[in-house]
Each structure stands twice: as structure tokens, then as C-alpha cells.
Amino acid sequence: MKDGFGLNMLGLLVRTVGKVSATTADGFKIADGYGRTVRVIVPAGVTLPVVGSYVGVTGVVSSEQITGNLYPVLQIRRNTDLFYDPASTLAAEFISPVGALVTGENLFALYGIPFNPNPTSVLQNFDPGNGSGLNGRLNRYDPITQSEVIYSAANPSLFGDLMMGEGYRINLTAAETKEIRYSGFRTDFADWLLGIRKEGATRIGSPLPYAFDFSELKVSDGIKTVSVRDAIHTQFPPWLNNVQFYDPTTQTLRNLGLVEDNPAAVLMKPWTGYWVTAGGKNVGIIFPTPLQPVAPVLKTIDPQSIGAGGSAFTVTLTGTNFLPQSVVRWNNAARPTTYVSSTKLTVSIPASDIASAGSAAVTVFNPVGTGSVSNAKIIVIGIPQIAVTGVRSITRANGQITAVVEITNIGTGAATNVRFLTAKLGTTNAVGLPANLSSLAAGAVTTIEVVFPGTAGTAGAIAILKIGGTITGGNFTASRRVTLP
Numbered sequence: 073m074k075d076g077f078g079l080n081m082l083g084l085l086v087r088t089v090g091k092v093s094a095t096t097a098d099g100f101k102i103a104d105g106y107g108r109t110v111r112v113i114v115p116a117g118v119t120l121p122v123v124g125s126y127v128g129v130t131g132v133v134s135s136e137q138i139t140g141n142l143y144p145v146l147q148i149r150r151n152t153d154l155f156y157d158p159a160s161t162l163a164a165e166f167i168s169p170v171g172a173l174v175t176g177e178n179l180f181a182l183y184g185i186p187f188n189p190n191p192t193s194v195l196q197n198f199d200p201g202n203g204s205g206l207n208g209r210l211n212r213y214d215p216i217t218q219s220e221v222i223y224s225a226a227n228p229s230l231f232g233d234l235m236m237g238e239g240y241r242i243n244l245t246a247a248e249t250k251e252i253r254y255s256g257f258r259t260d261f262a263d264w265l266l267g268i269r270k271e272g273a274t275r276i277g278s279p280l281p282y283a284f285d286f287s288e289l290k291v292s293d294g295i296k297t298v299s300v301r302d303a304i305h306t307q308f309p310p311w312l313n314n315v316q317f318y319d320p321t322t323q324t325l326r327n328l329g330l331v332e333d334n335p336a337a338v339l340m341k342p343w344t345g346y347w348v349t350a351g352g353k354n355v356g357i358i359f360p361t362p363l364q365p366v367a368p369v370l371k372t373i374d375p376q377s378i379g380a381g382g383s384a385f386t387v388t389l390t391g392t393n394f395l396p397q398s399v400v401r402w403n404n405a406a407r408p409t410t411y412v413s414s415t416k417l418t419v420s421i422p423a424s425d426i427a428s429a430g431s432a433a434v435t436v437f438n439p440v441g442t443g444s445v446s447n448a449k450i451i452v453i454g455i456p457q458i459a460v461t462g463v464r465s466i467t468r469a470n471g472q473i474t475a476v477v478e479i480t481n482i483g484t485g486a487a488t489n490v491r492f493l494t495a496k497l498g499t500t501n502a503v504g505l506p507a508n509l510s511s512l513a514a515g516a517v518t519t520i521e522v523v524f525p526g527t528a529g530t531a532g533a534i535a536i537l538k539i540g541g542t543i544t545g546g547n548f549t550a551s552r553r554v555t556l557p
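Right, here's the structure in full:
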């Protein structure tokens, strides 16, 4: 491993995943997704995996020096320390959440290990594939030289690949899609340790898919492991001096830390890059053991239908096992989600999602452990149609004719912003128009009261009662034949 493993951690039990690249006399090698190789030593009797297959390994870690460089070695203790994954169920598609990237300066990190860690592949929304879109504006920080390494399309090998656990800096324009999308290995099922190879600054990122309290971190120098609180306040010199993140709103660096230190934030988040200033050499940050997966259950969504061509709206979801990290998906695409409680979420749906008639599957994704997705509820994107389906009553009193009219949305989509603009009995206009409706779901029935002058017609006469108005995306006219009282 170039520039050293970063940790002198003999005897530490760790877990990793990767693709088998070769077999050896005493084990095999896996590519760990960092562009590096991990050698795995197995005891007698353990069947070696096939080259090209995906495996997970739990073992005692040490380091091995080869031609001046240190390489990680995992020693398996028993058969159960090796699990095979020939179907690559450890693979997943990773999509940065809405709001993780903004116009302007961004300090970001990857969650998951990309199958293709080339920057032009991972950051394809910002580059046409030849590196020109990243040239001069994608940066990483070299902790050995304590200097920025700027991506060059002319010589991309100097920058290298994008790695899980490292932080990067990029400036985005308003016109660019603020999303990172790639396929790779999940990293939320194992214990993770990030090495800080030298005193001074470096950039890191969390390997976990959910936010967690900064105080849950531990720090090790290979001899002993202490809490992050002790690493900052007890060890001398301090193993960690400062941790900062880049605030996308203020475009400034702000502190991440312990509650008692009054930082700007106490939660370490995924997809976020962090500046770490270390006072100790060759220490490692140990992330908390991943949470067990919790399967969300979706019970109801409101509304269940919406008119095509309408404006942005909010859907309310009820169910169980919702988490602060839960993400609502619209046809498998993440949408801005607000956590209300373990039984309630709301999600913002843009107008572009309901531009045309159809339907959408709404699910809840819990990005914890191996990740789990709820059952789906269908929201109909339809065409609303307002009709007069009955006249509950029509009476004459005090020189006026009052009709209680039954209004039904017989269309396939919710009618929103229902405004009644005209009402006639024969050729006579109503005295006053009924109150507007905020929405009327597909199939829903309501009543309105309309008052006409008594001169609209004589008792026993047949007349046409007409109601007209507008809804979001269109207008309506509905009528009903009535006998005047």
C-alpha cells in the first residue's frame, strides 16, 4: 500500500469485502475497492473462493512489508469468518440524497465502494467521460505532502481513483445535476477503520449510510483504543485536534464535535467530507458497528391520487419502523423526506413527477444495516373530471330558490384548487357562488349550496342547472336537469 498502511494495528479484528483477484499457497487476495490488494490467510480445511467471486472476510489484521510498502493481511480464524457471495448481493446502486450537493463549493465523500472508481465514471453528471469536466476543479488532499491534489485531464493518474473514506472538494454550477450515482459494494454491514497516516490535516468521509453521533467514534494507535472524547481531551498530544465540515448554505467551514465543546453539529453524516486535523501519527478512526436493518412498513399515503399537470405537492405517509434516516422513493427515485415520527413521514414531490397521467409507486427505504425497502403504495396521476351527479334538494322560500347540489370527481386524478365561477338555473345567474374547494380526490363526493332568484322559473317548470369553474390544469362545466319547486 503506497505510503504505508496508516495503522500499526496488530491483533485488531476487522471485516471487509471485495472481489477475489488471485489465489495463493496459503490463501487468496481480494481487491478491496481502494485500488489496493488485501492478502487473506486461511487455515487448513477452508475451501478457497473462485477468482472473480465476491467474498466477505472477518479476520485478525496485521501488516506485511513488500518492497518498502506495507500491505494489509487478514488472518481467518475459522470457516465462518469467510462468507461467499456469488450472486453479488453485496452490490448496490448508490445515489446521493437530495441536498447533499449544492451550487458552489462542496466537500463530499462517497458511501459505498464503486465498482469503477475512476472519477469520470463516479462523477459522470459533471464530466462527459474524458476528464474535461473535472479538470482543475476536483480536488483531494494528500496528507503526506499536506497539499491539494487537483484533477488533471491530461494526467489523471496523478489524482488516482475515488475511494470510500476519503473526502473530496468540487465546485458545481447552477446548471449541473446535483447528484452522484454509481454501482458498487455496500459498506454498511462491516466494521470500518480509517487510517490517519500523519500529523496534520486530511479529509475523510463516513462509510455508514446514516447519520450518527460524533461521540460514538473510537480512535486507535494500534496499541490501545480510546473514545473520541479521550482522543481529543485526554491524550497528550491530542490524537485529534479538529474536525470540520463545509456548510453548503454559508459556504464556510464549521466544526463537528462533542456536545460539551459547543460545535455547529454533533452528527456525522454520509456523503459529507470532513477536514480532520490530527496530533498523533498513524492513528485510526473506528466507526460504530452498523445498526441492524429495520424493515419499514407503509400503511397509508395521502393523497392517493393527484391530477396530471398540477403543481408540486406533499404526500403524507403513515406506517411503522420509520427512522430519521428514512428516504421516501417515488418510482425508486429518492425525494426530499421529512421525518415526523417512527410512524409518520412527509415527502415533497415536484411538479415534474406528475406532468403526465399514469401512476407512481411510493416506498420507504431505510438505509441502515444492509438496507430495507417497504411495501409499495400506488398514487394515481390522473385526469380529474368534475360532474354534477345529483340534486339532493331544491326548495323555494323568501323569493329565492335554493339547490343543494351533489358534486363528484368522476375522473382518475385528484382535482385541486376547485373554483366555482359560474352557476345558472336556466338563463338566470346565481345570487352568490359557493365556496371553493382546496381539493377533491378521485371518486370523492361533496355537496354545494347554490341560491338563485325566485324569478328563475315557475313551479313545475323543467330547467337546466349548470355549474362551471376551474381546477388546476383546466376547467369544467357540469349540468343537471331539475324540476323547479
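Residues 73 to 557 (my numbering) are what the sequence shown spells out, left to right. All residues carry an ideal CB built from backbone N, CA and C; glycine is no exception. For clarity, every value in this text was computed on a predicted model and none was experimentally measured.
Just grab the DSSP bridge partners of residue i for me.
| i | result |
| --- | --- |
| valine 92 | Ile102 |
| asparagine 211 | Ile222, Arg241 |
| phenylalanine 187 | DSSP lists no partner for phenylalanine 187. |
| alanine 164 | Gly256 |
| serine 413 | Lys416 |
| alanine 459 | Thr480 |
| asparagine 438 | Ser444 |
| asparagine 403 | Answer is none; asparagine 403 lacks a bridge partner. |
| leucine 154 | Val129 |
| valine 315 | Val348 |
| asparagine 327 | Gln316 |
| serine 292 | Thr297, Gly356 |
| alanine 379 | Correcting the residue identity first, residue 379 is glycine in this sequence and not alanine. According to DSSP, which records beta bridges pairwise, glycine 379 is partnered with Gly454. |
| phenylalanine 394 | Phenylalanine 394 is not bridged to any residue. |
| threonine 388 | Asp374, Thr418 |
Quick one: grab the DSSP three-state call for residue i.
| i | result |
| --- | --- |
| lysine 74 | Confidence at lysine 74 is low in this model, with a pLDDT of 30, below 50, so its placement is unreliable and the value that follows should be read with caution. In this structure, lysine 74 counts as coil in the three-state DSSP scheme. |
| serine 224 | coil |
| phenylalanine 359 | coil |
| glycine 197 | Here residue 197 is asparagine; the residue named in the question, glycine, does not match the sequence. Correct three-state label for asparagine 197: helix. |
| valine 114 | coil |
| arginine 149 | coil |
| alanine 60 | Since the displayed the chain opens at 73 and closes at 557, residue 60 lies outside it and no answer follows. |
| leucine 339 | strand |
| glycine 83 | With a pLDDT of only 44 at glycine 83, under the threshold of 50, the placement of this residue in the model should not be trusted, and no figure is reported. |
| leucine 230 | helix |
| phenylalanine 180 | strand |
| threonine 321 | coil |
| serine 424 | helix |
| aspartate 374 | strand |
| leucine 556 | coil |
| asparagine 451 | Checking the sequence shown, residue 451 turns out to be isoleucine, not asparagine. In the structure shown, isoleucine 451 sits in a strand (DSSP, three-state: E or B). |
| alanine 303 | helix |
| threonine 467 | strand |
| threonine 119 | coil |
| threonine 192 | helix |
| threonine 217 | coil |
When you compare the CB positions of residue i and residue j, do they come within less than 7 Å of one another, or not?
| i | j | result |
| --- | --- | --- |
| serine 292 | isoleucine 358 | yes |
| glycine 205 | phenylalanine 198 | yes |
| alanine 459 | leucine 497 | no |
| valine 387 | isoleucine 426 | no |
| valine 463 | valine 477 | yes |
| arginine 401 | phenylalanine 437 | yes |
| lysine 449 | isoleucine 539 | no |
| glycine 352 | valine 369 | no |
| glycine 128 | isoleucine 113 | no |
| isoleucine 466 | alanine 528 | no |
| proline 320 | glycine 329 | no |
| asparagine 489 | threonine 549 | no |
| proline 281 | proline 439 | yes |
| leucine 266 | glycine 294 | no |
| serine 414 | alanine 367 | no |
Assuming residue i and residue j are in contact, meaning their beta carbons sit under 8 Å apart, how far apart are those beta carbons, in whole angstroms?
| i | j | result |
| --- | --- | --- |
| glycine 277 | alanine 181 | 2 Å |
| valine 517 | proline 506 | Not really, about 15 Å apart at Cβ, beyond 8 Å. |
| proline 456 | glycine 379 | 5 Å |
| valine 110 | leucine 146 | 6 Å |
| serine 377 | glycine 454 | 6 Å |
| glycine 256 | alanine 225 | That belief does not hold up - the Cβ atoms of glycine 256 and alanine 225 are roughly 23 Å apart, past 8 Å. |
| tyrosine 183 | tryptophan 343 | 6 Å |
| leucine 179 | phenylalanine 317 | 7 Å |
| isoleucine 148 | proline 115 | 6 Å |
| alanine 94 | valine 123 | 6 Å |
| serine 168 | isoleucine 252 | 4 Å |
| valine 419 | threonine 435 | Not quite, the Cβ-Cβ distance comes to about 11 Å (not below 8 Å), so this is no contact. |
| phenylalanine 166 | tyrosine 254 | 6 Å |
Mind checking if residue i is an interface residue toward chain C, Cβ cutoff 7 Å exclusive?
| i | result |
| --- | --- |
| alanine 226 | Structure shown: chain C not included; a single protein chain is present. |
Taking only runs that begin and end inside the stretch 471-551, name each unbroken alpha helix (DSSP H) of 4 or more residues, in chain order. none
I'd like the ranges of any alpha helix (DSSP H) spanning at least 4 consecutive residues and lying wholly in the stretch 266-290. none
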